[in-house]
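Chains A, B, C and D are the protein sequences, given in the same order. Going by our numbering, the first sequence opens with residue 131, and the numbers climb by one from there. Going by our numbering, the second sequence opens with residue 131, and the numbers climb by one from there. Going by our numbering, the third sequence opens with residue 131, and the numbers climb by one from there. Going by our numbering, the fourth sequence opens with residue 131, and the numbers climb by one from there.
Number of protein chains: 4
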Amino acid sequence: MPERRRGAVRSEAARTSILTATARLFAERGYDHLSIESIAAAAGVGKQTIYRWWPSKGFLVAECLLEGMLLPERLEPPDTGDLRTDLISWLEEIFRVLESPNGEGLMRSLIAAAAENDEVGKRLGASLGGLSLMSRINAQDEASGISPGAAREIVEALVGAVVMRALSRTPIESGDAERLVQAVLGVAVS
Amino acid sequence: MPERRRGAVRSEAARTSILTATARLFAERGYDHLSIESIAAAAGVGKQTIYRWWPSKGFLVAECLLEGMLLPERLEPPDTGDLRTDLISWLEEIFRVLESPNGEGLMRSLIAAAAENDEVGKRLGASLGGLSLMSRINAQDEASGISPGAAREIVEALVGAVVMRALSRTPIESGDAERLVQAVLGVAVS
Amino acid sequence: MPERRRGAVRSEAARTSILTATARLFAERGYDHLSIESIAAAAGVGKQTIYRWWPSKGFLVAECLLEGMLLPERLEPPDTGDLRTDLISWLEEIFRVLESPNGEGLMRSLIAAAAENDEVGKRLGASLGGLSLMSRINAQDEASGISPGAAREIVEALVGAVVMRALSRTPIESGDAERLVQAVLGVAVS
Amino acid sequence: MPERRRGAVRSEAARTSILTATARLFAERGYDHLSIESIAAAAGVGKQTIYRWWPSKGFLVAECLLEGMLLPERLEPPDTGDLRTDLISWLEEIFRVLESPNGEGLMRSLIAAAAENDEVGKRLGASLGGLSLMSRINAQDEASGISPGAAREIVEALVGAVVMRALSRTPIESGDAERLVQAVLGVAVS
DNA sequence: GGCTAATCGAGACGGTACGTCCCGTCTTTAG
DNA sequence: CTAAAGACGGGACGTACCGTCTCGATTAGCC
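Dropping the structure here:
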């Protein structure tokens, strides 16, 4: 027996409008300066309805991230067969986001959220496409010159480099994606 | 004549006790939850004295970082001549900090500060030893198999990987430093 | 035919446990700090069940008052034939309630409820025994030296004096009941 | 030495506008429905400025009462030499306030405040003129037929009767003041 | 027996207000 | 002119309740 709960059921309309409002305000104002109060007001919802389902704004942002409401596109690496080229395309896509208006601010907000909230932290890498990338590399281990089991380290290094770019406020220059892949993947795979 | 301003001069005692209090509270409570009010109280100082000299708590933290009051040790890579070994030692040192009690929390607080404040962001990499590492690699370019001009990318990738570790809440395992260096520097340099 | 409604009938168990819970919480926490939510929880009842039958907590308290669940005893004046003595006994009884632990708080809660809710207000005097006292005095008018038709004023003055005692936080001293009757009834009736 | 305190001094402007706003909102909305938040907004003041100086809205109302900002007129009994006539005039004045638009509501709000807050409770009687009346009666003890030391009881009874009128929602009729004085002062003084 | 209607418990919902924390600014007194 | 102290207007926090509503379950008269 599924042990039915009693009482009114959770309102999907409220949930949706809260997440939408969160995503919008996150993009507009950044993670700091994002307040539960303003989310509630923008969503046309009582504050308690937010606190009933999410412990803090960090988890709200985490759920938005999971639903793909924060990043403008699906940042998955393409698969043309040539890993190196795919990596470069992928990084260039990410860099393009970073260079878009307020793109860096959005990324830094994401980092701030990841620093404060466990859920966001655990999902940050995957949201940038790291997860599918890892399994992709793992599958190709033998075929490429990459040492086996290094997938995690490579992805960590590449995503980490992107994060450092956002944190260090260094402007991105053309060719950066290629140089980065070159540095991490090494000469051997060229 | 050096054009001395009239009136009382800035109190060094106040400055020091403010920075000390900031560093202590930063370590205890993290970047969020760090408040100017509590710093002033802990330092035995009026709030105005803080606002007179620093624009926000971010800059306070930046100055602490610059003075080496936030990280427990000097995180400079050693120089034994063997770059690969030095990198591993350096990363192991950083990982050791991460594994110390609240070490990860401290690192995440640093990242949060870097995400919010430009100064902290610009200095984060250097504070972890990235700056001296870069010049070291640049100097050795020809000697090693590293492609010329890749120093920045390599350091970015390594430091970035560390940052991702802290953000993703992945526990560190023995050998991780070596694997990371292996992945980034590639087989060719072994 | 009494035009019976269809559907389930009002649950007497719910009604009783609501009133009991109300009376208990009223005594424990006072009229302010008394919440429908806590009554419902204490009574093991849904909030709607309360709102279905009572418009507000004021009416709940009014019904408790009417059922004698709020005041510890029946505060009716005795009837020995000697009005003056009876009045003194009655006031002494009320004063005894006031002096009991939290007795004054209870009385003030009752006054607060009376100030907010019409029903409670109209019943307050009667609950303290004023109603039966009035008819008693009216019946004795000629026999005593009391001017005819003054019953209402006398009762109002006596009960009012008790209320003022509770409001003014003046401690009660022995003999107060007698002095009060003396002041209101005057020397002529002694 | 007067042990001078440091730091900015309390703003009289803020204090005044808070009390004015309190008095206005008290008259408009009553003691329940009076909220610190609305007072702060109406006074153009931060909530903390209220909480810094008053523990609760009860004390705010108490201070307004003390400054005579709540009751429309000075409700002191006149002194023509004839106590009975003066008492009647005084009660008629109070009854006139009760009969004015929202006058009864104001009185009940005052009673509610008195029931909740000690300060208001202690001052309620005095604010209605009870204090000056008591000393007046005491001074005349021998001259009148009033038993010595009965001043407090008489005032308590009279003011209490007024309070009961407000609580019981009984409409006031012409001659009520006289009947009340008659009942309390007795035939002897007629 | 099935239908309809009312009740009950539970509890989600949009709101208001609470009392607290902290912001960044301003004011006061002391050195 | 700096400094400690601290009051100020304001924004947001997370919590408590308000009164309404929506559920599923139960109960009782009616066809």
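Backbone N, C-alpha and C fix where the C-beta goes; we use that ideal spot for every residue, glycine too.
Option nearest residue i by Cα separation, candidates the options
i: Glu283 (chain C); options: D:Gly305, D:Glu229, D:Met237, D:Ala291; result: D:Ala291
i: Ser230 (chain C); options: C:Ile241, C:Glu249, C:Leu201; result: C:Leu201
i: Leu221 (chain D); options: D:Val191, D:Leu258, D:Ala242, D:Pro185; result: D:Leu258
i: Met294 (chain A); options: B:Glu203, B:Ser186, B:Ala244, B:Leu213; result: B:Ala244
i: Ala143 (chain B); options: B:Val175, B:Glu158, B:Gly279; result: B:Val175
i: Ser147 (chain D); options: D:Thr179, D:Val285, D:Glu308, D:Leu315; result: D:Thr179
i: Phe156 (chain B); options: B:Ala313, B:Val227, B:Ala242; result: B:Ala242
i: Pro301 (chain D); options: D:Glu234, D:Val139, D:Ser219; result: D:Glu234
i: Ala74 (chain B); options: A:Ala172, A:Leu240, A:Glu308; result: Any property of residue 74 (chain B) remains undetermined from this structure, which presents chain B solely from 131 to 320.
i: Glu193 (chain B); options: B:Ser265, B:Leu149, B:Leu217; result: B:Leu149
i: Ala287 (chain D); options: D:Asp212, D:Gln312, D:Glu303; result: D:Gln312
i: Arg140 (chain D); options: D:Arg226, D:Glu158, D:Trp184, D:Tyr161; result: D:Trp184
i: Phe225 (chain D); options: D:Leu261, D:Glu303, D:Ile166; result: D:Glu303
i: Gly260 (chain B); options: B:Leu205, B:Thr215, B:Ser186, B:Glu223; result: B:Leu205
i: Glu158 (chain D); options: D:Ser265, D:Leu310, D:Leu240; result: D:Leu240
i: Leu190 (chain D); options: D:Ser265, D:Asp216, D:Glu167; result: D:Glu167
i: Gly211 (chain A); options: A:Tyr181, A:Gln270, A:Glu249; result: A:Gln270
i: Leu217 (chain C); options: C:Ile169, C:Arg266, C:Ser186; result: C:Arg266
i: Ala173 (chain C); options: C:Leu164, C:Arg145, C:Ser219, C:Glu203; result: C:Arg145
i: Leu236 (chain A); options: A:Arg136, A:Leu310, A:His163; result: A:His163
Buried or exposed by the 16-neighbour rule on C-beta atoms within 10 Å, applied to residue i
i: Ser320 (chain A); result: Because the pLDDT at Ser320 (chain A) is just 36, under 50, the model does not fix this residue reliably, and the value given afterwards should be weighed accordingly. The residue is exposed, with fewer than 16 neighbouring Cβ atoms inside 10 Å.
i: Lys177 (chain D); result: exposed
i: Arg253 (chain A); result: buried
i: Asn247 (chain B); result: buried
i: Thr152 (chain A); result: buried
i: Gly198 (chain A); result: exposed
i: Gly305 (chain B); result: exposed
i: Leu195 (chain C); result: buried
i: Ala171 (chain A); result: exposed
i: Arg238 (chain B); result: buried
i: Gly160 (chain B); result: buried
i: Gly188 (chain D); result: buried
i: Glu249 (chain C); result: buried
i: Pro132 (chain B); result: Because the pLDDT of Pro132 (chain B) is 48, which lies under 50, any placement of that residue in the model is unreliable, and the question is left without a value.
i: Glu203 (chain B); result: exposed
i: Arg136 (chain D); result: exposed
8 angstroms contact criterion, which residue i and residue j should meet: CB distance rounded
i: Arg299 (chain C); j: Gly255 (chain D); result: Not really, about 11 angstroms apart at Cβ, beyond 8 angstroms.
i: Pro207 (chain C); j: Leu263 (chain C); result: 5 angstroms
i: Ala296 (chain B); j: Leu228 (chain B); result: 6 angstroms
i: Leu315 (chain C); j: Arg214 (chain C); result: 6 angstroms
- Only counting runs of 4 or more residues, tell me where the alpha helix (DSSP H) segments fall wholly within the stretch 232 to 284 of chain A, in order along the chain. 233 to 246, 248 to 257, 260 to 270
- Item | Sequence ranges, beta strand (DSSP E) only - wholly within the stretch 189 to 214 of chain D, length at least 3 | none
- Task: Tell me the start and end of each unbroken alpha helix (DSSP H) in the stretch 137 to 192 of chain A that is at least 4 residues and wholly inside, in chain order.
- Result: 142 to 159, 166 to 173, 177 to 183
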